[in-house]
Structures are given as C-alpha cells and as structure tokens.
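The numbering of the sequence shown is this note's numbering, which starts it at 18 and goes up by one. Even for Gly, the Cβ is constructed at its ideal location relative to N, Cα and C. Here the structure is a predicted model, which means the values were calculated and not measured. Notes follow once the structure below has been shown.
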Amino acid sequence: MLCSALIALCGCGDKQITQALESDANGYLCLACNTKFYTDRKVFPDFCPQCKNPRVTEVLGFVCGTDHHTTLGPRGRNSISCQKCGAATTGLSIPGAKELQAWGAARKEKKEVTGG
Numbered sequence: 018m019l020c021s022a023l024i025a026l027c028g029c030g031d032k033q034i035t036q037a038l039e040s041d042a043n044g045y046l047c048l049a050c051n052t053k054f055y056t057d058r059k060v061f062p063d064f065c066p067q068c069k070n071p072r073v074t075e076v077l078g079f080v081c082g083t084d085h086h087t088t089l090g091p092r093g094r095n096s097i098s099c100q101k102c103g104a105a106t107t108g109l110s111i112p113g114a115k116e117l118q119a120w121g122a123a124r125k126e127k128k129e130v131t132g133g
C-alpha cells in the first residue's frame with residue numbers, strides 16, 4: 018500500500034519513483050518516550066536506544082499538495098497537517114538522513130538498537 022501511494026505521488030517517471038522509494042536512512046519515533054532516531058537503511062531496530070521499549074514506529078514524510086512542504090511524522094493510518102500551512106497532507110515520501118537530522122533525529126548504530 019505504501020508503494021502504491023508513493024508511486025501515485027511521484028507520477029509516471031521511473032527516476033521520480035526510484036527517488037521517492039529509496040533513502041540512505043530509516044527514521045523512527047519511540048511511542049513510549051518520543052525519542053527521534055535514525056539508522057542506516059539496512060538496520061531495523063528491535064527497541065528504542067533511549068528507553069529500550071520495543072514500541073518504535075517508522076517515520077515518513079507527509080507531502081502537502083498545496084505548498085509541497087514535507088512534514089515528518091510517525092507512520093499511521095491518518096494523514097497529518099502540513100506544519101507550514103496547516104492544510105491536510107496528500108502524499109508520502111521516505112525521508113533521508115539530512116531530513117531526519119533537521120527533524121531532530123539522532124543517528125544510531127546497529128548495536129544501539131538491536132539485540133545483536
């Protein structure tokens with residue numbers, strides 16, 4: 018479902034689709050303590066690096082159809098409002114390391130977020 022939404026957002030160009038689906042990082046938000054963090058794109062956390070709770074969720078970019086601003090937030094069933102203009106967001110993207118850093122996420126290594 019996520020891929021279909023990203024493809025619809027990007028239009029038909031193969032290059033645009035590839036850019037929207039690829040990222041150099043994976044972003045996460047801990048639902049227990051609200052810690053923002055990201056990992057290398059090949060690392061998937063087992064728990065939060067701060068509180069060790071396993072309730073972490075992926076972070077996506079929610080794209081505003083009005084001003085094309087991307088607001089980062091936790092993956093969920095609902096869209097979130099654009100932090101720039103307040104309009105409902107209509108598209109999705111996968112944020113990269115630079116976007117996640119600007120959002121306030123800290124880079125974490127595999128040993129900090131996995132059991133192995």
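Neighbourhood of Lys125 by C-beta distance below 6 Å, restricted to the same chain and skipping five residues each side: For the purposes of this step, residue 125 is taken as residue 108 along the sequence shown, with counting starting at 1. Around Lys125: Phe54, Thr56, Pro66.
Residue burial classification, Cys81 (beta-carbon count within 10 angstroms, cutoff 16): On the sequence shown, position 64 is the one that residue 81 refers to. The residue in question, Cys81, is buried, as its Cβ has 16 or more Cβ neighbours within 10 Å.
Strand pairing of Asp57, partner residues [DSSP]: Against the sequence shown, residue 57 aligns to sequence position 40. Answer is Ala42.
Exposure label - Ala42; buried when at least 16 CB within 10 Å: For the purposes of this step, residue 42 is taken as the residue at position 25 of the sequence shown. Classification of Ala42: buried, given that the 10 Å Cβ count is 16 or more.
Nearest candidate by alpha-carbon position, reference Asn95, set Ala123, Phe64, Leu109, His86: Start at 1 with the first residue of the sequence shown, and residue 95 comes out as number 78. Comparing Cα-Cα distances from Asn95 to each of Ala123, Phe64, Leu109, His86, the minimum goes to Leu109.
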